[in-house]
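Read through the structure below, which is laid out as structure tokens, and then see the notes.
In the numbering used here, the protein residues as written are 200 to 599.
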């Protein structure tokens, strides 16, 4: 009986080996499940996943999913749960780290020097690299070419020109659009050093930040270019319809303006206070689940997509590659819009990659509106923002 079992076992091994060599059904050890936040580009990502899978003997399933931390935490415990997430906004990364769901990046996976500085900064949380940068985006200055023949080099000059005729609009109650004014004067949100943010060191009430808020206040109350009811959507609509000469926007605005026949061009932001205008750089990052049994393979696929899929992602979704060498591709350099955004990305930085950043948005907006209504001075506005943010962060962290 033992001899028969041995023979049968050997036959099974031989059959299995033969089948695997001929492309038999893939088991759980050679399958990757990838979640992506990218909708338009999901089909393109699947294409590169198929290429990588064929070369590596893996089946890769790409699923469009806009995951929450809770969804991800539940899903990774299932047999078909995600091994990695591709193309998620970097400002969501810290939440996954804090929940203990993301693996650290292997030391030799990629060289930081090969990517935009802002994109690399976006991949670090608490001084540790948890993600790989896929693509980058930021805001820049749109102008109506029928109304403006030459864009001033400085914001100070631009405001004078806009006041005389044409105007400029953006949502100046949002720190997203105000960051450049604050940073040019020496203010900051959370102090960043050695790959980590100190959420207890807030620079939104120092002398530079107050100077920036004074200018933002003047945009409303002295120059009367902005008001609290000018949201990002209203500013976009007014520029699209030719009612304003200048607008701060991103790559996501191009199709709408082109379809509407708006005559426009894009340039990097003018300087302010004699300093480059820092804009928030959003980075689409990719990370691997620390619960995956195929972490090395998941990282390998992510790097394959970064190294080989950059132009495919650019063609399908206008995604500017985070990798510097890809930004020099002829197709990208031949696009004046992309060139303007790349130039601005070099003056940009990510919003702080910490969960505490989520507390700032409404606090900043509410205080700027109060300042514009004359209820607060710029100094009081700055102090209010910092005090309220410190209280919100303390409350947020009290349950940890």
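Glycine is no exception: its CB is placed at the ideal position from the N, C-alpha and C atoms.
Please read all numbers here as calculations on a predicted model, not as lab measurements.
Q) Can you tell which of 582, 484 and 511 has the C-alpha that lies nearest to the C-alpha of residue 236? A) 484
Q: Given a cut-off of 7 Å, decide if residue 493 and residue 249 are closer than it, judged by their beta-carbon atoms.
A: no
Q. According to DSSP, which residues form a beta bridge with residue 461?
A. Residue 461 pairs with nothing; no bridge assigned.
(Q) Determine, for residue 539, whether the minimum Cβ-Cβ distance to residues of chain D falls below 7 Å. (A) Here chain D cannot be found, since the structure has a single protein chain.
Q.
Distance check for residue 374 and residue 436, CA to CA, integer angstroms please.
A. 21 Å
(Q) Tell me the rounded alpha-carbon separation between residue 536 and residue 278. (A) 44 Å
Q.
For residue 352, which residues in the same chain have their Cβ closer than 6 Å to its Cβ, ignoring the five residues on either side in sequence?
A. 469
Q) Any idea if residue 276 is buried or exposed, counting beta-carbon neighbours within 10 angstroms, 16 or more meaning buried? A) exposed
Q) Taking C-alpha atoms, which residue in 559, 532 and 515 lies nearest to residue 246? A) 515
Q. Skipping 5 residues on each side, what residues in its chain have a beta carbon closer than 7 Å to that of residue 581?
A. 403, 404, 408, 409 and 412
**Q.** residue 466 beta carbon less than 7 Å from that of residue 335
**A.** no
**Q.** 6 Å Cβ shell around residue 542 - same chain, five flanking residues per side excluded
**A.** 467
Q: Grab the span of the beta strand (DSSP E) containing residue 540 for me, first residue to last.
A: Careful: residue 540 lies outside any beta strand (DSSP E), inside the alpha helix (DSSP H) at 535-544.
Q. With 16 other CB atoms within 10 Å as the buried threshold, where does residue 560 fall?
A. exposed
Q: Compare the C-alpha of residue 423 against each of 525, 367, 252 and 555 and name the closest.
A: 367
Q | Inter-residue spacing [alpha-carbon to alpha-carbon] between residue 595 and residue 585 | A | 15 Å
Q.
Please classify residue 533 as buried or exposed, where buried requires at least 16 other C-beta atoms within 10 Å of its C-beta.
A. exposed
Q. Are residue 554 and residue 293 touching if we call contact CB-CB under 7 Å?
A. yes
(Q) Once the 5 residues before and after residue 517 are set aside, which same chain residues still bring their CB inside 6 Å of it? (A) 450
Q: Find the nearest neighbour of residue 385 within the set 566, 303 and 406, judged by alpha-carbon distance.
A: 406
**Q.** Beta-carbon proximity list for residue 272, same chain, < 8 Å, skipping 5 on both sides
**A.** 298 and 300
**Q.** Close beta carbons around residue 308, own chain, < 8 Å, minus the five adjacent residues each side
**A.** 331, 498 and 502
Q: List the DSSP bridge partners of residue 314.
A: 522
Q.
I'd like the span of the alpha helix (DSSP H) that includes residue 619, first residue to last.
A. Only positions 200 to 599 of the chain appear in the structure, and residue 619 is not among them; the question remains open.
(Q) Considering Cα atoms alone, identify which of 556, 441 and 244 is closest to residue 592. (A) 556
Q. For residue 632, does the three-state DSSP call read helix, strand or coil?
A. Any property of residue 632 remains undetermined from this structure, which presents the chain solely from 200 to 599.
Q. With distances taken from CA atoms, which of 339, 357, 229 and 356 is nearest residue 463?
A. 339
Q: State the Cα-Cα distance for the pair residue 167 and residue 490, rounded to the nearest angstrom.
A: Residue 167 lies beyond the range of the chain shown here (200 to 599); nothing can be said about it.
Q: For the region 363-424, list the alpha helix (DSSP H) runs that are entirely contained and at least 4 residues long, ordered along the chain.
A: 374-383 and 406-420
Q. Which residues in the same chain as residue 326 place their Cβ atom closer than 7 Å to its Cβ, once the five residues preceding and following it in sequence are excluded?
A. 393, 394 and 395
Q) Contact check, residue 482 vs residue 317 under 8 Å by CB: the rounded distance? A) 7 Å
Q. Sorted by chain position, which residues of the same chain lie with C-beta nearer than 8 Å to residue 313's C-beta, five sequence neighbours on each side aside?
A. 522, 523 and 524
**Q.** Beta-carbon proximity list for residue 431, same chain, < 6 Å, skipping 5 on both sides
**A.** 370
Q) For residue 340, which beta-bridge partners are listed by DSSP? A) 447 and 466
Q) alpha helix (DSSP H) containing residue 438: first to last residue? A) 431-439
**Q.** Closest residue to residue 382 among 550, 540, 565 and 519 (Cα-Cα distance)
**A.** 550
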